[in-house]
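Using our numbering, read the sequence shown as starting at 495 and increasing by one per residue.
All residues carry an ideal CB built from backbone N, CA and C; glycine is no exception.
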Amino acid sequence: MNTPTNPPRYVSTRATNPNKRLSFQEALLAGLAPDGGLYIPTHIPSITPDSWQDADSFASLGQQVLWAWLADDVDKTTFDTIISDALNFPVPVHPLLDDVFVLELFHGPTLSFKDFGARTMARLMNYFLQQQGRTLTILVATSGDTGSAVADGFAGLDNIDVVLLYPKGKVSNIQERQLITARPGVQALAVQGSFDDCQRLVKAAFVDEDLAHLPLSSANSINIGRLLPQSLYYFWAIKTLQKQGIDAANVCVPSGNLGNLTAGILAHAMGLPVQHFLAAHNANDFFPEYLHAKTDAYAFKATVATASNAMDVGSPSNFERLEHLLGEPMREHIWGMSVDDGTTKTTLQHHAEAGYLACPHTAVGLHAVTQYRKQTGDTTPAIVLATAHPAKFPDVLRETGLTPPRVEALDVLFERDTNVMPLAADPVALKDYLLGQTVASS
Ligand SMILES: *Cc1c(COP(=O)(O)O)cnc(C)c1O
């Protein structure tokens, strides 16, 4: 068992005063830095192989690896309970082809990898708030997987309420069900507008002086508290391959906002042997273009809609973090590619015929791995991250001529009570709701 001596502090990527260092707890509760930057660690703890190679469960691996990061903020017993409670679902490594493996990250309650970050972050936040005798209302604008993972992860925690805004009529039937299912401490608001309207309302609430007295916070993917737990499954995948005698591997990450990839880079910096990272993007191709040195840093693009909609991000926020963590060698570390919808669907069909049904996001990764091998001749065994369960995307599967699978976890949602209120796409409407809410509950 490694005894952490010096867990990192956190500084903003835009900090002008590098002496301003936050504890993990402060960075977690703040989310975004006040200067608009993202929190990054002052150093990366190195994790000795024995602390992850011999772990006999995912939770015990998490208890070993993350302790090096959190030892200053929480006692070991509380920490162990939080981790085993949050990360209590299977994380299988599925052999797909001879030397291509799929790391299935969709066996948590809302069937996407977002459960790892959201569940861990929720429990840590709740613990710190309890210690401080504070409560918090989390406001989230969502169009998909983040909202359901946050709603589920934070539900029923004593010191945190969640208010979810989603664009009415603009999310799939299943996504909407996942958002509006009644959960203790969670209110869904169906906004008569677009996703951008939802984001605009949330941003307005954060700067509204009339709401300044409310303890509002966010839980979006830029929070460092979501990234750290996501680094764990990289260790888990490599460990599983090592047990099969495979010592070197590349990892392919279907990417949008680049949070997942950043978590992999953190794992590598902790000492995890990953040969190359492959960033698989859909038509939102800023990052692959940047890697191929075709565009400059921050030549961000407008978002385009694709069949892998959870990766529809034109200006990935975590790019700023990657740049600070890796700098220019980013291009040596990471290979990237953009995959169009037609190819994604052909890839889905191809693997379905061979017996493996993937989600559209995972299919982008599966195609990128094949191309990487062809283009570079590097046939090192590869792990593709399967980011969501295919059953979450029945429309894309049907368009591709495939039959969506039925899963119990989604079917039961349609039998549960719902809790949703309509909301005009107007900041005043959200303000009235939030003010009325606090009056009613105090
Ligand atoms: C969020 C999401 C992604 C993209 O992950 P990033 O961390 O934003 O790069 C990929 N696939 C699915 C299914 C997702 O929900």
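So, are the CB atoms of residue i and residue j less than 8 Å apart?
| i | j | result |
| --- | --- | --- |
| glycine 638 | valine 680 | no |
| glycine 531 | alanine 509 | yes |
| leucine 599 | tyrosine 850 | no |
| lysine 795 | leucine 605 | no |
| proline 854 | alanine 801 | yes |
| proline 528 | threonine 629 | no |
| methionine 831 | alanine 774 | yes |
| phenylalanine 552 | valine 585 | yes |
| serine 545 | valine 559 | yes |
| lysine 925 | aspartate 646 | no |
| proline 543 | proline 502 | no |
| leucine 581 | phenylalanine 573 | no |
| proline 678 | asparagine 751 | no |
| valine 747 | leucine 755 | yes |
| isoleucine 654 | leucine 526 | no |
| asparagine 714 | threonine 614 | no |
| leucine 772 | asparagine 744 | yes |
| alanine 643 | glutamine 693 | no |
| threonine 789 | glutamine 843 | no |
With 16 other CB atoms within 10 Å as the buried threshold, where does residue i fall?
| i | result |
| --- | --- |
| asparagine 803 | buried |
| methionine 619 | buried |
| threonine 856 | buried |
| phenylalanine 607 | buried |
| serine 749 | buried |
| valine 798 | exposed |
| tyrosine 957 | Lying before the first or after the last residue shown, residue 957 is absent from the chain, which here runs from 495 to 936. |
| aspartate 835 | buried |
| alanine 612 | buried |
| phenylalanine 780 | buried |
| methionine 915 | exposed |
| histidine 861 | buried |
| arginine 815 | buried |
| alanine 934 | Any answer about alanine 934 is weak, because its pLDDT of 42 lies below 50 and its placement is not dependable; what the coordinates show is given next. Exposed: under 16 other Cβ atoms inside 10 Å. |
| lysine 737 | exposed |
| proline 512 | exposed |
| lysine 839 | buried |
To the nearest angstrom, how far is it from the Cα of residue i to the Cα of residue j?
| i | j | result |
| --- | --- | --- |
| lysine 697 | leucine 659 | 12 Å |
| serine 936 | phenylalanine 622 | Here the model assigns serine 936 a pLDDT of 35, short of 50, so the residue's position is not dependable, and the following value carries that caveat. Approximately 22 Å, taken between the alpha carbons. |
| histidine 537 | alanine 880 | 29 Å |
| alanine 684 | proline 875 | 45 Å |
| phenylalanine 583 | glycine 602 | 6 Å |
| threonine 841 | valine 833 | 10 Å |
| tyrosine 728 | glycine 930 | 44 Å |
| leucine 695 | leucine 633 | 10 Å |
| serine 725 | glycine 758 | 5 Å |
| lysine 662 | glutamine 669 | 11 Å |
| aspartate 690 | alanine 562 | 38 Å |
| valine 878 | alanine 616 | 27 Å |
| arginine 892 | phenylalanine 700 | 40 Å |
| threonine 932 | arginine 867 | Below a pLDDT of 50, predicted positions are generally treated as unreliable, and threonine 932, at 47, falls in that range; no measurement from the model is reported. |
| alanine 787 | alanine 903 | 43 Å |
| tyrosine 533 | alanine 521 | 7 Å |
| alanine 676 | histidine 707 | 27 Å |
Tell me the DSSP bridge mates of residue i?
| i | result |
| --- | --- |
| isoleucine 716 | DSSP, once it has assigned bridges, lists no residue as partnering isoleucine 716. |
| isoleucine 654 | Leu630 |
| alanine 885 | Paired residues: none, contrary to the question. |
| serine 540 | In the DSSP output, where bridge partners are listed per residue, serine 540 has none listed. |
| serine 666 | Bridge partners of serine 666: none, in fact. |
Would you say residue i reaches chain B, if we count a Cβ-Cβ gap shorter than 8 Å as a contact?
| i | result |
| --- | --- |
| glycine 641 | Absent from the structure is chain B; it holds one protein chain and no more. |
Item to check | In chain order, each beta strand (DSSP E) run of at least 3 residues that lies wholly inside the segment 606-640 | outcome: 630-635
Item to check | Those runs of the beta strand (DSSP E) which lie wholly inside the segment 557-598 and span at least 3 residues | outcome: 587-591, 594-598
Checklist entry - Hey, which unbroken runs of the alpha helix (DSSP H) at 4 residues or more fall wholly within the segment 788-858? => result 813-820, 824-827, 835-847
Item to check | Every unbroken alpha helix (DSSP H) within the segment 707-761, with a cutoff of 4 residues, ordered by chain | outcome: 718-724, 726-737
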